[in-house]
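Okay, structure first, notes after.
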Amino acid sequence: MTTKLVISIVQSNDADHLLSALRQEGFSSTRVSTTGGFLRQGNATILVGTEEGSVSRVLEVIQRNCHTYTRTVTPFSPGVEPGEPYLAESMEPMEVQVGGAVIFILTVERVLRY
Ligand code: 2BA
């Protein structure tokens, strides 16, 4: 039996519903609080380990529970950390589509429990 690890990066707003839905469908999951490298805002990374034949069901649950949002952001200048006051004048606010989910599916070599 091949085990897969489904790693999905979702918006924090969607994470609670997604975890509940996964549990109802019988999947174990782990939520990690993460931060997007572009927006520098909190998002959530959900890990689901499951057998290969169940991956499509996991993807359906993710698709049902994750939504696309539009955010207006002002990009930071290179080298300027979020929270610092300086913004280059050329950096205009822009709209970005975020989510519903960015998903990576990996093959797991071994699963151990001690
Ligand atoms: P962020 O890195 O904060 O990106 C948020 C959204 O900003 C992205 O949504 C995308 O629409 C936009 N964006 C990202 N980089 C951009 C750039 N250089 N120029 C213009 N717009 C840009 P999503 O694509 O839905 O990604 C949502 C979150 O998923 C990302 O948050 C990041 O945490 C994660 N992610 C996306 N692609 C990834 C990858 N290849 N590897 C690892 N994490 C990834």
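Counting from 1, position 106 in the sequence shown corresponds to residue 89 in the numbering used here; the numbering is continuous, with no gaps.
We put the beta carbon where it would ideally sit given N, CA and C, even for glycine.
Query - Buried versus exposed, by CB contacts within 10 Å (16 or more), Gly19 - result: As a working note, residue 19 is residue 36 in the sequence shown. Of the other Cβ atoms in all chains shown, fewer than 16 fall within 10 Å of the Cβ of Gly19; this residue is therefore exposed.
Report task. Return the bridge partner residues of Phe87 from the DSSP annotation. Result -> Counting from one through the sequence shown, the residue named residue 87 turns up at place 104. DSSP, once it has assigned bridges, lists Ile(-10) as partnering Phe87.
Query raised in the report: Hey, would you say Val(-7) sits closer than 8 Å to Ile88, going by beta carbons?
Result: Here the question's residue -7 lines up with position 10 in the sequence shown. Here the question's residue 88 lines up with position 105 in the sequence shown. At least 8 Å separates the beta-carbon of Val(-7) from that of Ile88.
Report task. Pull up the distance between the alpha-carbon of Thr33 and that of Gly83, whole angstroms please. Result -> In the sequence shown, residue 33 corresponds to position 50, counting from 1. In the sequence shown, residue 83 corresponds to position 100, counting from 1. Taking the straight line joining both Cα atoms gives about 21 Å.
Query - Where Ser114 falls, given that 16 or more other Cβ within 10 Å makes a residue buried - result: Residue 114 cannot be examined here, being either before or after the span of the chain that is shown, -16 to 97.
Requested in this report: Could you name each continuous alpha helix (DSSP H) segment of 4 residues or more that falls completely within the stretch 7 to 60, going from the start of the chain to the end?
Outcome: Here the runs fully enclosed are 38 to 48.
Query raised in the report: How many angstroms separate the CA atom of Val85 from the CA atom of Glu75?
Result: Position 102 of the sequence shown, counted from the first residue, corresponds to residue 85. Position 92 of the sequence shown, counted from the first residue, corresponds to residue 75. Taking the straight line joining both Cα atoms gives about 26 Å.
Query raised in the report: Does the distance from the C-beta atom of Arg54 to that of Val81 stay below 8 Å?
Result: Translated into the one-based positions of the sequence shown, residue 54 becomes position 71. Translated into the one-based positions of the sequence shown, residue 81 becomes position 98. Yes. Within cutoff.
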